[in-house]
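Undergrad:
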Ligand code: KG4
Ligand code: ZN
């Protein structure tokens, strides 16, 4: 089956073709980063309007490059939630209508499930059960995975998501949006010993996380040392990155110890962080992660997650449905 995947939940328009026999055929991504950069974060209305403008040309370009036509498609998958409701509606409307016009099935995909499954694209030897850390701009979750759609929440952030903490801290430091890559870049020339920020919620048992206190510690340090020169910024960025990375590594090790599951998956935008990947490779060598481009938002993960469900016979009805909030443990397991 050849499945078209469409992602428009936030500030990336992503489209991809996934073949259930041949794997990932092609993908295209348009990032709205430049559009939102001057506001220091995503402006939902601008995001929706830009998705509307970009989605059709992106689709045409994808099909041309892959030398396929709309008539070759066997199904359409689109992100149905969670995300910005106006942005989601663009992909959902295009995806659902296209499928209706072509007389093929459509399926609304859960964005975080797609992140979670992305590291499995092209990987055949990972069988559930396994544990996963999902760290994106909107979510930080630790999940037990017993199969597609069979997720048990083991821990989550009680306040900011890890990516959100990166974004807010970058803003405090006068760094660009999105904050994760900007902090990682600045931290490269940072002195690791100059500042030390807390590793929140690591001194008590459990897998829940919290990042808002860390943000406050960073803000206090920024105020104490303002105006910051380039080295101050780099040193604070390094201390912040180390604090988030070490906190996540502690939680991941604790998850493996608590569940007895050795295979561990990390996914979502923050999983693109090089220091996090390097530390997990040292501490939990069986960690599996997608290439950085498949960690941040993309159409390939939507095509893949949708393909698994469509191949199992799942289909949406004709209504165009999106959900801004959608707890992942409300999903149904894959039939069969
Ligand atoms: O998964 P994603 O692309 O979108 C959401 O579903 O939210 O994640 C975006 C988040 C942003 O907060 C961004 O700052 C963060 O992932 N991020 C990173 C890195 N690349 C993206 N955080 C740390 N290090 C990175 N290299
Ligand atoms: Zn995402």
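Numbering (my numbering), first residue to last: 19 to 354.
By construction, the Cβ of each residue, glycine as well, lies at the ideal position given by its N, Cα and C atoms.
Nothing here was measured: the structure is a model prediction, and the numbers come from that model.
1) Would you say residue 337 and residue 42 are within 8 Å of each other, going by their C-beta atoms?
2) Does the distance between the C-beta of residue 224 and the nearest non-hydrogen atom of the ligand ZN fall short of 7 Å?
3) For a cutoff of 8 Å on Cβ pairs, would you count residue 241 as touching chain D?
4) Does the beta-carbon distance from residue 200 to residue 193 come in below 8 Å?
5) State whether the stretch 218–233 contacts the stretch 173–187, with contact taken as three or more CB pairs (one from each stretch) at a distance under 8 Å.
6) Quick check: is any heavy atom of the ligand KG4 less than 7 Å from the C-beta of residue 54?
7) Go through the residues and name those whose CB comes closer than 5 Å to any heavy atom of the ligand KG4, in chain order.
8) Given this structure, state the Cα-to-Cα distance separating residue 145 from residue 267, to the nearest angstrom.
9) At 3 residues or longer, what runs of the beta strand (DSSP E) sit wholly inside the stretch 182–267?
10) Mark residue 27 as exposed unless 16 or more other C-beta atoms lie within 10 angstroms of its C-beta, in which case mark it buried.
11) Could you have a look at residue 168 and say whether DSSP puts it in helix, strand or coil?
12) With burial defined as no fewer than 16 other Cβ atoms inside 10 Å of the residue's Cβ, what is the status of residue 327: buried or exposed?
13) Residue range of the alpha helix (DSSP H) that residue 111 falls in?
14) Verify whether the separation of the beta carbon atoms of residue 150 and residue 285 is less than 8 Å.
15) Determine whether the beta carbon atoms of residue 227 and residue 269 lie at a separation below 8 Å.
16) Using the three-state DSSP reduction, which class does residue 131 fall into: helix, strand or coil?
17) What does a CB cutoff of less than 7 Å around residue 305 pick up in its chain, not counting 5 residues either side in sequence?
18) Taking the beta carbon of residue 207 as the centre, do at least 16 other beta carbons fall within 10 Å, making it buried, or is it exposed?
19) Report all residues from its chain with a CB closer than 6 Å to the CB of residue 177; omit the five preceding and five following residues, and keep chain order.
20) Do you know whose CA, among 85, 123, 131 and 61, lies nearest residue 25's CA?
TA: Answer, in terms of the structure:
1) Position 319 of the chain shown, counted from the first residue, corresponds to residue 337. Position 24 of the chain shown, counted from the first residue, corresponds to residue 42. The Cβ atoms of residue 337 and residue 42 lie no closer than 8 Å to each other.
2) Your numbering for residue 224 matches position 206 in the chain shown. No, the ligand ZN has no heavy atom inside 7 Å of this Cβ.
3) No chain D appears in this structure, which consists of one protein chain only.
4) Translated into the one-based positions of the chain shown, residue 200 becomes position 182. Translated into the one-based positions of the chain shown, residue 193 becomes position 175. The Cβ atoms of residue 200 and residue 193 sit closer than 8 Å to each other.
5) The answer is yes - the stretch 173–187 touches the stretch 218–233, with three or more Cβ pairs under 8 Å.
6) By 1-based counting over the chain shown, the position of residue 54 is 36. It does not: the Cβ of residue 54 is nowhere closer than 7 Å to a heavy atom of the ligand KG4.
7) Any residue whose Cβ sits closer than 5 Å to a heavy atom of the ligand KG4 makes the list: 154, 155, 156, 181, 184, 185, 196, 197, 198, 199, 202, 286, 287, 288, 290, 291, 314 and 315.
8) For the purposes of this step, residue 145 is taken as the residue at position 127 of the chain shown. For the purposes of this step, residue 267 is taken as the residue at position 249 of the chain shown. Computed Cα separation, rounded: 23 Å.
9) If we require 3 residues or more, the stretch 182–267 turns out to have no beta strand (DSSP E) run fully inside it.
10) Within the chain shown, numbered from 1, the residue matching residue 27 stands at position 9. In summary, residue 27 is buried, with 16 or more beta-carbon neighbours lying within 10 Å of its beta-carbon over all protein chains present.
11) To locate residue 168, count along the chain shown from 1; it is residue 150. Looking at residue 168 - three-state DSSP - the assignment turns out to be strand.
12) On the chain shown, position 309 is the one that residue 327 refers to. Here residue 327 is buried. Its C-beta has 16 or more other C-beta atoms within 10 Å.
13) The residue you call residue 111 lines up with position 93 of the chain shown. First-last of the alpha helix (DSSP H) with residue 111: 103–120.
14) Locating residue 150 in the chain shown gives position 132, where the first residue counts as 1. Locating residue 285 in the chain shown gives position 267, where the first residue counts as 1. With contacts defined as CB atoms closer than 8 Å, residue 150 and residue 285 qualify as a contacting pair.
15) Within the chain shown, residue 227 is the residue found at index 209, counting from 1. Within the chain shown, residue 269 is the residue found at index 251, counting from 1. Yes; because the gap between Cβ atoms is below 8 Å, this pair is in contact.
16) As a working note, residue 131 is residue 113 in the chain shown. In the structure shown, residue 131 adopts helical secondary structure according to DSSP, grouped into three states.
17) Numbered from its first residue, the chain shown carries residue 305 at position 287. Closer than 7 Å at Cβ, skipping near neighbours: 282, 284, 298 and 299.
18) Along the chain shown, read from residue 1 onward, the residue named residue 207 stands at position 189. Residue 207 is exposed by the Cβ-count criterion.
19) The residue labelled residue 177 in the question sits at position 159 within the chain shown. 228 and 230, listed in sequence order.
20) By 1-based counting over the chain shown, the position of residue 25 is 7. The candidate whose alpha carbon is nearest that of residue 25 is 131.
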